[in-house]
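What follows is a set of notes on a single structure, which appears directly below.
Number of protein chains: 2
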Amino acid sequence: MTIGEAAKASGVNAKLIRYYESIGLIPEAGRTAAGYRVYSSNEVNVLRFVKRARTLGFSIERIQTLVGLWQDRSRSSAEVKRVALDHVAELEAKIAELRAMSDTLKHLAHACHGDERPDCPILRDLEEGGGCCHGVDCGH
Amino acid sequence: MTIGEAAKASGVNAKLIRYYESIGLIPEAGRTAAGYRVYSSNEVNVLRFVKRARTLGFSIERIQTLVGLWQDRSRSSAEVKRVALDHVAELEAKIAELRAMSDTLKHLAHACHGDERPDCPILRDLEEGGGCCHGVDCGH
DNA sequence: CCTTGACCTTCCAGCCGTTGGAAGCCTTAT
DNA sequence: ATAAGGCTTCCAACGGCTGGAAGGTCAAGG
Numbered sequence: 031m032t033i034g035e036a037a038k039a040s041g042v043n044a045k046l047i048r049y050y051e052s053i054g055l056i057p058e059a060g061r062t063a064a065g066y067r068v069y070s071s072n073e074v075n076v077l078r079f080v081k082r083a084r085t086l087g088f089s090i091e092r093i094q095t096l097v098g099l100w101q102d103r104s105r106s107s108a109e110v111k112r113v114a115l116d117h118v119a120e121l122e123a124k125i126a127e128l129r130a131m132s133d134t135l136k137h138l139a140h141a142c143h144g145d146e147r148p149d150c151p152i153l154r155d156l157e158e159g160g161g162c163c164h165g166v167d168c169g170h
Numbered sequence: 031m032t033i034g035e036a037a038k039a040s041g042v043n044a045k046l047i048r049y050y051e052s053i054g055l056i057p058e059a060g061r062t063a064a065g066y067r068v069y070s071s072n073e074v075n076v077l078r079f080v081k082r083a084r085t086l087g088f089s090i091e092r093i094q095t096l097v098g099l100w101q102d103r104s105r106s107s108a109e110v111k112r113v114a115l116d117h118v119a120e121l122e123a124k125i126a127e128l129r130a131m132s133d134t135l136k137h138l139a140h141a142c143h144g145d146e147r148p149d150c151p152i153l154r155d156l157e158e159g160g161g162c163c164h165g166v167d168c169g170h
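This is the structure in structure tokens:
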């Protein structure tokens, strides 16, 4: 299997496969006499694992840990669960951050007439540093 | 006002101020005879505006637009609102993406015993590409 | 046999928004 | 005079890719 075929089979871009190899996420592939990388279905499985883990938002570093646990038959499921829950905690923190941004902006946009006039509570908020709704003159 | 003082006054790191100048987000600051950057309270206001906008997650590109609208007295609030709502849409899309990841992982982690045994539905999901819950043998 | 085109190789650069460090100049205080 | 602290520029790294250039290799067709 060449890198292109492995890419198709795994869903991971050929360039990305080389990148993953270069950073040590996956082991160095074997080579033909001409220097072409060669892949077996086993390596394709690892690539698929990596791809799925990326889809779930795991960092490369954590994926390295997960692949290690996956290969380790004497792993404990507790270790895997801990890695997953650490990641969930980070996701939830990020979601909360984005949620706060979005809600603030939706509120400001709601208060904005959105017509041809220049007056705009969104710009006022940016100007004043977000102190709008802590006072009394916000009007909502 | 030197760059360090402007940094304190605006809450934007001195290094970041130079970076913002280098990419054209803020205009080039004036200089003393010795080459030190000089800031007025006006420029500090711009920095504060930028900082608040970053806090709300706006990209540098959109902040450039927002600063332009802010300075433009003949702007329409509709333009500002559109920029804000475009950003809200992006935030919501990102939130939905992270939400899906987190929910999937929480579900998998819930199904994982988290003990010393190696068997783990999280690894099974990564191995199989997330097909677990579309079938019948998932067990939840 | 030669060409064409599709693949493969390496290396280098850029995206975003920062942050860090190195090397050197300027100012102020002691 | 000298030390400390600020300022200057430039270069590099983070994460996770993605693109391009320049060149080698392979299979099919004329």
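Order-wise, the sequence lines are chains A and B. Sequential numbering of the first sequence, starting at 31, is according to the working numbering. Sequential numbering of the second sequence, starting at 31, is according to the working numbering. Glycine included, every Cβ here is placed at the ideal spot set by N, Cα and C. Here the structure is a predicted model, which means the values were calculated and not measured.
In or out: Pro151 of chain A buried (at least 16 other Cβ within 10 Å) or exposed? By 1-based counting over the first sequence, the position of residue 151 of chain A is 121. Burial call: buried.
On the criterion of 16 or more Cβ atoms from any shown chain inside 10 Å, does Ala105 of chain A qualify as buried, or is it exposed? To locate residue 105 of chain A, count along the first sequence from 1; it is residue 75. A quick correction: the sequence has Arg, not Ala, at residue 105 of chain A. Looking at its Cβ environment, which holds 16 or more other Cβ atoms inside 10 Å, Arg105 of chain A is buried.
DSSP three-state assignment for Gly159 of chain B, whether helix, strand or coil: Sequence index remark: in the second sequence, residue 159 of chain B carries index 129 (1-based). Of the three classes helix, strand and coil, the one that applies to Gly159 of chain B here is coil, per DSSP.
Assuming contact is defined by CB atoms lying nearer than 9 Å, are Ile33 of chain B and Arg82 of chain B in contact in what I supplied? Indexing the second sequence from 1 puts residue 33 of chain B at position 3. Indexing the second sequence from 1 puts residue 82 of chain B at position 52. For Ile33 of chain B and Arg82 of chain B, no; Cβs fall outside 9 Å.
Quick one: which chain A residues come within Cβ less than 7 Å of Ile125 of chain B? Here residue 125 of chain B corresponds to residue number 95 of the second sequence, with the count starting at 1. Within 7 Å Cβ-Cβ: Ile125, Leu128, Arg129 and Ser132.
Taking 8 Å as the cut-off, does the segment 55 to 72 of chain A touch the segment 108 to 118 of chain B (at least 3 CB pairs, one atom from each stretch)? no
Flag His143 of chain A as yes if its beta-carbon sits less than 9 Å from any beta-carbon of chain B, otherwise no. In the first sequence, the residue the question calls residue 143 of chain A occupies position 113. Yes, His143 of chain A counts as interfacial toward chain B.
Can you tell me the Cβ-Cβ gap for Ala130 of chain B and Leu77 of chain B, rounded? I've got them flagged as a contact below 8 Å. In the second sequence, counting from the first residue as 1, residue 130 of chain B sits at position 100. In the second sequence, counting from the first residue as 1, residue 77 of chain B sits at position 47. No, Ala130 of chain B and Leu77 of chain B are not in contact; Cβ-Cβ is about 37 Å, not under 8 Å.
Would you please state the rounded distance, in angstroms, between the beta carbons of Leu153 of chain B and Val110 of chain A? I believe it to be under 8 Å. For this step, residue 153 of chain B is matched to residue 123 along the second sequence. For this step, residue 110 of chain A is matched to residue 80 along the first sequence. So it is a contact: roughly 6 Å between Cβ atoms.
Excluding sequence positions up to five away, which residues of its chain have a Cβ less than 6 Å from the Cβ of Tyr50 of chain B? What you label residue 50 of chain B is simply residue 20 of the second sequence in a count that begins at 1. Hits under 6 Å: Ile56.
Near Glu91 of chain B, what residues of its chain come up, given a Cβ to Cβ distance below 8 Å and the 5 sequence neighbours on each side ignored? As a working note, residue 91 of chain B is residue 61 in the second sequence. None.
Label Ile53 of chain B either buried or exposed according to how many other C-beta atoms from any shown protein chain fall within 10 Å of its C-beta, with 16 as the threshold for buried. Counting from one through the second sequence, the residue named residue 53 of chain B turns up at place 23. The residue in question, Ile53 of chain B, is exposed, as its Cβ has fewer than 16 Cβ neighbours within 10 Å.
Helix, strand or coil: how does DSSP classify Gly87 of chain B here? One-based indexing of the second sequence puts residue 87 of chain B at position 57. Of the three classes helix, strand and coil, the one that applies to Gly87 of chain B here is coil, per DSSP.
Does any residue of chain B have a CB that is nearer than 9 Å to the CB of Arg103 of chain A? Here residue 103 of chain A corresponds to residue number 73 of the first sequence, with the count starting at 1. Chain B, which has a Cβ nearer than 9 Å to the Cβ of Arg103 of chain A, makes this yes.
Rounded to the nearest angstrom, how far is the Cβ of Asp149 of chain A from that of Ala108 of chain B, given a contact under 8 Å? In the first sequence, counting from the first residue as 1, residue 149 of chain A sits at position 119. In the second sequence, counting from the first residue as 1, residue 108 of chain B sits at position 78. Actually they are not in contact, since the Cβ atoms of Asp149 of chain A and Ala108 of chain B sit about 11 Å apart, beyond 8 Å.
Contact list for Ile152 of chain A against chain B, beta-carbon separation under 9 Å: Taking the first residue of the first sequence as 1, we reach residue 152 of chain A at position 122. Near Ile152 of chain A (Cβ distances below 9 Å), the residues of chain B are Leu96, Ser107, Val110, Lys111, Val113 and Ala114.
Nearest CA to the CA of Gly87 of chain B: which residue from A:Leu99, A:Cys142, A:Ala141 and A:Lys136? Taking the second sequence and counting its residues from 1, one reaches residue 87 of chain B at position 57. Among A:Leu99, A:Cys142, A:Ala141 and A:Lys136, the Cα nearest to that of Gly87 of chain B is on A:Lys136.
Using a 10 Å radius around the Cβ and a threshold of 16 neighbouring Cβ atoms, would you call Thr134 of chain A buried or exposed? As a position in the first sequence, residue 134 of chain A is number 104, starting the count at 1. Label assigned to Thr134 of chain A: buried.
Going along the chain, which residues of its own chain have a beta-carbon closer than 7 Å to the beta-carbon of Trp100 of chain A, five neighbours each way excluded? Here residue 100 of chain A corresponds to residue number 70 of the first sequence, with the count starting at 1. Once the five neighbours on either side are set aside, the close Cβ partners of Trp100 of chain A are Phe79.
Closer than 9 Å, Cβ to Cβ, to anything on chain B: give me those residues from the segment 63 to 83 of chain A, in chain order. Asn75, Arg78, Phe79, Val80, Lys81, Arg82 and Ala83
Which same chain residues, not among the five before or five after Ala59 of chain B, have their C-beta less than 7 Å away from its C-beta? Here residue 59 of chain B is taken as the residue at index 29 of the second sequence, counted from 1. Counting only Cβ-Cβ distances below 7 Å, and skipping sequence neighbours, we find Glu51, Arg67, Val68, Tyr69 and Glu73.
What do you get for Ala63 of chain B, buried or exposed, if any count of 16 or more other CB atoms within 10 angstroms of its CB means buried? Reading the second sequence from its first residue, position 33 is the one you call residue 63 of chain B. Ala63 of chain B should be labelled exposed.
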